[in-house]
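**Q**
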Amino acid sequence: MKIQTLILTLLATAGTALGSQVYSNLWIPPTLTGPIYNLNLHATNKYYLPGSNTVTYAYNNVDFWGPTLIMSNGDTVQINLTNNLPDTTTTHWHGFHIPAIMDGGPHETIPTGTTWSPTFTVLNRASTYWYHPHLHTLTQNHLGHGAGGFIIVHDAQESALPLPRTYGVDDIPLVLTSRRFYTTAAQLNQFNVTNGATGCAYGDYELVNGCMNFGATNVEVFLPQQYVRLRILNAEIERVYNLGFSNNLTFYQIGTDGGLVNAPVPLTRVVLAPGERTEILLNLGTNAIGSAVNLMAYNSASSLGSTLSFGYPGEESGTSGEFGSLLNDINFQILHIVVTNATANPILALPTVLCTNTFWTTANVTKSRTITLTGGQPPSGVFVFDSSPFSINVVNQYVSLNAVEEWTIVNTSIFSHAFHIHDVEFTPLARTGSGVMTGIQAYEQGWKDTIYVQQNSSVSFIAKFDNFASPYNPFMYHCHMIDHEDEGTMAQFVVQNTNTEDLYITSCTRTGTNQNINLNFNATPGTTYQLLFSTNFTTGSWSPVATVTSDGTSVNYYETNATRLALARGFYRINEPTNNY
Ligand code: C2O
Ligand code: CU
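Per this note's numbering, residue 2 is the first one in the sequence shown, and the count goes up by one each step.
(1) In three-state DSSP terms, what is residue 607?
(2) Should residue 249 and residue 269 be called a contact, given that it needs their Cβ atoms to be closer than 8 Å?
(3) Taking the beta strand (DSSP E) that residue 152 belongs to, which residues open and close that run?
(4) Helix, strand or coil for residue 43, going by three-state DSSP, please let me know.
(5) Exposed or buried, what is residue 210 when buried is set at 16 or more other beta-carbons lying within 10 Å of its beta-carbon?
(6) Applying the 10 Å Cβ sphere with the 16-neighbour rule, what's the burial state of residue 368?
(7) Any residue with its C-beta under 6 Å from a non-hydrogen atom of the ligand CU counts. Can you list them all in chain order?
(8) In whole angstroms, give me the CA-to-CA distance for residue 495 and residue 320.
(9) Would you kindly check if the distance between the Cβ of residue 341 and the Cβ of residue 223 is under 8 Å?
(10) Rounded to whole angstroms, what's the CA-CA distance from residue 532 to residue 478? Just pull it up for me.
(11) Is the CB-CB distance between residue 493 and residue 400 below 8 Å?
(12) Would you check if the region 439 to 451 and the region 400 to 410 touch, i.e. whether three or more CB-CB distances between them fall below 8 Å?
(13) So what does residue 370 bridge to, in DSSP terms?
(14) Please list, in chain order, all residues of the same chain as residue 160 whose beta carbon is under 6 Å from its beta carbon, the five residues on each side excluded.
(15) Could you check how far apart the C-beta atoms of residue 336 and residue 296 are, in whole angstroms? I think they sit under 8 Å.
(16) Identify, in the order they occur along the chain, each residue of the same chain with its Cβ nearer than 6 Å to the Cβ of residue 182, setting aside the five sequence neighbours on each side.
(17) Helix, strand or coil: which one does DSSP assign to residue 269?
(18) Are the region 164 to 179 and the region 108 to 121 touching by the rule of at least three beta carbon pairs closer than 8 Å?
(19) Checking 8 Å against the spacing of the C-beta atoms, do residue 241 and residue 254 come in under that value?
(20) Please classify residue 164: does DSSP put it in a helix, a strand, or coil?
(21) Does the region 137 to 149 come close enough to the region 46 to 59 to have 3 or more Cβ pairs within less than 8 Å?
(22) Is there at least one non-hydrogen atom of the ligand SAM closer than 7 Å to the beta-carbon of residue 95?
(23) Please report the residue range of the alpha helix (DSSP H) in which residue 142 lies.
(24) Please go through the same chain and pick out, in chain order, the residues whose beta-carbon is closer than 6 Å to the beta-carbon of residue 124, but skip the five residues on each side of it.
(25) Assign residue 96 to buried or exposed, taking buried as 16 or more other Cβ atoms, counted over all protein chains shown, within 10 Å of its Cβ.
(26) Going by alpha carbons, who is nearest to residue 106 out of 549, 572, 433, 476?
(27) Based on the DSSP secondary-structure assignment, which residues constitute the bridge partners of residue 531?
(28) With DSSP collapsed to three states, give me the class of residue 179.
(29) Where does residue 565 sit, in a helix, a strand or coil, going by DSSP?
(30) Take every Cβ of the region 186 to 202, pair it with every Cβ of the region 124 to 136, and state whether three or more of those distances are shorter than 8 Å.
(31) Determine the direct distance from the alpha carbon of residue 62 to that of residue 373, and round the result to whole angstroms.
(32) Rank 519, 338, 574 by C-alpha distance to the C-alpha of residue 544 and give the top, closest one.
(33) Span of the beta strand (DSSP E) holding residue 594?
(34) Where does residue 280 sit, in a helix, a strand or coil, going by DSSP?
(35) To the nearest angstrom, how far is it from the Cα of residue 312 to the Cα of residue 456?
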């Protein structure tokens, strides 16, 4: 009888069975290289549970998530993103330092059936970034259905280091999330991706790269007997992960959200809030072939201990309702790692030094501001920044181009949050207050764009807002718990180029009758200006003549238009920079 049961289990799955455990293989996203990336965002479906397939969203022809975009610092890339979802959406390049209009936040909408083609130069350091939909009120729905992907950026410094970097072999991206399924006939096996009272803040089953740990089935991967690199992203709704390995193996953090750390940081646990990434090295070189180690979430209150448990998202008791979950307040397995033969040229040693970061310090700060998080859950209220829920028509902060700012996020709300800011990678400075996690943790001492802000805590960081300014296109900051974000825990800032007082025409010469006019004006290097013309200085209407880009500190413009040259008198004006999108 027992033997028959085991055989049936084997026939019913594509995995391998060991005792009562059944293993299914980890899916590794395919890669796309540039400089042109074509992405098709579409609805599809995936088999998770018997009875009916689950509707999922994905980029390109996969059944959950999307391809990993491989980029290098200095590349100029273009992404052609076609939205074939039933809804308007957007796609944001999380962690990227690019002009606001290319950022893919809630403003850069892509109606169904249309293609958006942002282009930008990759200025980011080597690290693990990601892309995902960002339409206000529908982010949980679209990301929750599975739409997202990794972006791996390489740079010269990282490429020169003896680190594992064979994608899918010793360099493995892992996106962690969890989902709850509807059990009613009308929505059987569909993801619950709504927020509010009928939604769920925590899924019931763990998904790693979209592959589900369910019942006796665990997701497994075979990794070589050497140092391997895991790039781990928390793409959850609200759950925070306290990650570690089943044998309490020490692992080494080599990178945070936005770059390498100075030297590997030995750890046995790392806490990842939604939106955060970590890159770690795991030494499997001394583990026997065929032996296994499990990547675990040590999320039970007793595992968390008093330093983490208060207000810990995913520690709530109860197994149902908006804030209950089958995975809450327990330790659970994410990935079963089986050691297999080493590759040719394995990495067998841990580098002692990775890079020399110049982090921001308070000595660099030119302005400080404080953002306060208050409120509670609907219907009684929503979590908000500075007393106002998100409005797409309100700019909440004005930042000067090139300012080095210290931001302090004060959380006086009734829960913990994951603060994310667009445009910059910041240096975490301090975590204070009566919250139970205090201080910047060993694994947070690097470039970050998202940070865990526990209940009753304040977190401050320093960032420089350089390169991109626009009076018209704001950047976002928000809680990366996507139900909170959709409910209004989001705000926006504009980076202003206040350097406009430098703009004046330094010379204007005209030689002979109807000869060329030479205008010469001082200009910020690399900045594009709009030149306008009018026949009447006080009452005339100004019409555009040209856009001119400075290649140094000044711009020369030679008038060649016959109509304007034929006039007895005319006026030129330089407008606000227009490359500021
Ligand atoms: Cu990962 Cu504003 O987003
Ligand atoms: Cu939040």
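Each residue gets a CB set at the ideal place from its N, CA and C atoms; glycine is no exception.
Because the structure is a prediction, the values reported are computed rather than measured.
**A** A quick look at the data gives this:
(1) No statement about residue 607 is possible, as the shown extent of the chain runs from 2 to 582 and does not include it.
(2) Residue 249 sits at position 248 when you count from the first residue of the sequence shown. Residue 269 sits at position 268 when you count from the first residue of the sequence shown. Yes.
(3) Along the sequence shown, read from residue 1 onward, the residue named residue 152 stands at position 151. Run containing residue 152: 150 to 155, per the beta strand (DSSP E) assignment.
(4) Residue numbering aside, residue 43 sits at position 42 when the sequence shown is read from its first letter. If DSSP states are grouped into helix, strand and coil, residue 43 belongs with the strands.
(5) As a first step, residue 210 is located in the sequence shown; it is residue number 209 there, counting from the start. Around the Cβ of residue 210, a 10 Å sphere holds 16 or more other Cβ atoms; the residue is buried.
(6) Here the question's residue 368 lines up with position 367 in the sequence shown. With fewer than 16 other Cβ atoms inside 10 Å of its own Cβ, residue 368 counts as exposed.
(7) Going along the chain, the residues that qualify are 384, 418, 480, 482, 485, 490.
(8) As a working mapping, residue 495 is identified with position 494 in the sequence shown. As a working mapping, residue 320 is identified with position 319 in the sequence shown. When the Cα atoms are used, residue 495 and residue 320 turn out to be separated by approximately 42 Å.
(9) In the sequence shown, the residue the question calls residue 223 occupies position 222. In the sequence shown, the residue the question calls residue 341 occupies position 340. For residue 223 and residue 341, yes; Cβs fall inside 8 Å.
(10) As a position in the sequence shown, residue 532 is number 531, starting the count at 1. As a position in the sequence shown, residue 478 is number 477, starting the count at 1. Cα to Cα, residue 532 sits roughly 34 Å from residue 478.
(11) Numbered from its first residue, the sequence shown carries residue 493 at position 492. Numbered from its first residue, the sequence shown carries residue 400 at position 399. No, Cβ-Cβ distance for residue 493 and residue 400 is not below 8 Å.
(12) The answer is no - the region 439 to 451 does not touch the region 400 to 410, with fewer than three Cβ pairs under 8 Å.
(13) As a working note, residue 370 is residue 369 in the sequence shown. Paired residues: 408.
(14) Within the sequence shown, the letter at position 159 stands for residue 160. When the five nearest sequence neighbours on each side are left out, no beta carbon in the same chain lies closer than 6 Å to the beta carbon of residue 160.
(15) Taking the sequence shown and counting its residues from 1, the one referred to as residue 336 is at position 335. Taking the sequence shown and counting its residues from 1, the one referred to as residue 296 is at position 295. Right, their Cβ atoms sit about 4 Å apart.
(16) Within the sequence shown, numbered from 1, the residue matching residue 182 stands at position 181. Around residue 182: 190.
(17) Your numbering for residue 269 matches position 268 in the sequence shown. If DSSP states are grouped into helix, strand and coil, residue 269 belongs with coil.
(18) The answer is no - the region 108 to 121 does not touch the region 164 to 179, with fewer than three Cβ pairs under 8 Å.
(19) Along the sequence shown, read from residue 1 onward, the residue named residue 241 stands at position 240. Along the sequence shown, read from residue 1 onward, the residue named residue 254 stands at position 253. The answer is no: Cβ separation not under 8 Å.
(20) As a working note, residue 164 is residue 163 in the sequence shown. Correct three-state label for residue 164: coil.
(21) Yes, since at least three Cβ pairs between the region 137 to 149 and the region 46 to 59 fall closer than 8 Å, the two stretches touch.
(22) The ligand SAM is absent from the structure shown, which contains only the ligand C2O and the ligand CU.
(23) Taking the first residue of the sequence shown as position 1, residue 142 is located at position 141. For residue 142, the enclosing alpha helix (DSSP H) begins and ends at 140 to 145.
(24) On the sequence shown, position 123 is the one that residue 124 refers to. Cβ within range, chain order: 98.
(25) The residue given as residue 96 occupies position 95 in the sequence shown. Answer is buried; the Cβ neighbour count reaches 16.
(26) Residue mapping note: residue 106 aligns to position 105 of the sequence shown, counting from 1. Ranking the options by Cα distance to residue 106, first place goes to 476.
(27) Position 530 of the sequence shown holds residue 531. In the DSSP secondary-structure assignment, residue 531 is bridged to 548.
(28) In the sequence shown, counting from the first residue as 1, residue 179 sits at position 178. Look at residue 179 here: in three-state DSSP terms it is strand.
(29) Working through the sequence shown from its first residue, we reach residue 565 at position 564. Three-state result, residue 565: helix.
(30) Short answer: they don't touch.
(31) In the sequence shown, counting from the first residue as 1, residue 373 sits at position 372. In the sequence shown, counting from the first residue as 1, residue 62 sits at position 61. Rounded to whole angstroms, the gap between the alpha carbons of residue 373 and residue 62 is 42 Å.
(32) Taking the first residue of the sequence shown as 1, we reach residue 544 at position 543. Per the C-alpha coordinates, the member of 519, 338, 574 positioned closest to residue 544 is 574.
(33) The first residue shown for the chain is 2 and the last is 582, placing residue 594 beyond what the model contains.
(34) Along the sequence shown, read from residue 1 onward, the residue named residue 280 stands at position 279. Three-state DSSP puts residue 280 in a strand.
(35) Reading the sequence shown from its first residue, position 311 is the one you call residue 312. Reading the sequence shown from its first residue, position 455 is the one you call residue 456. For the pair residue 312 and residue 456, the Cα-to-Cα distance works out to about 6 Å.
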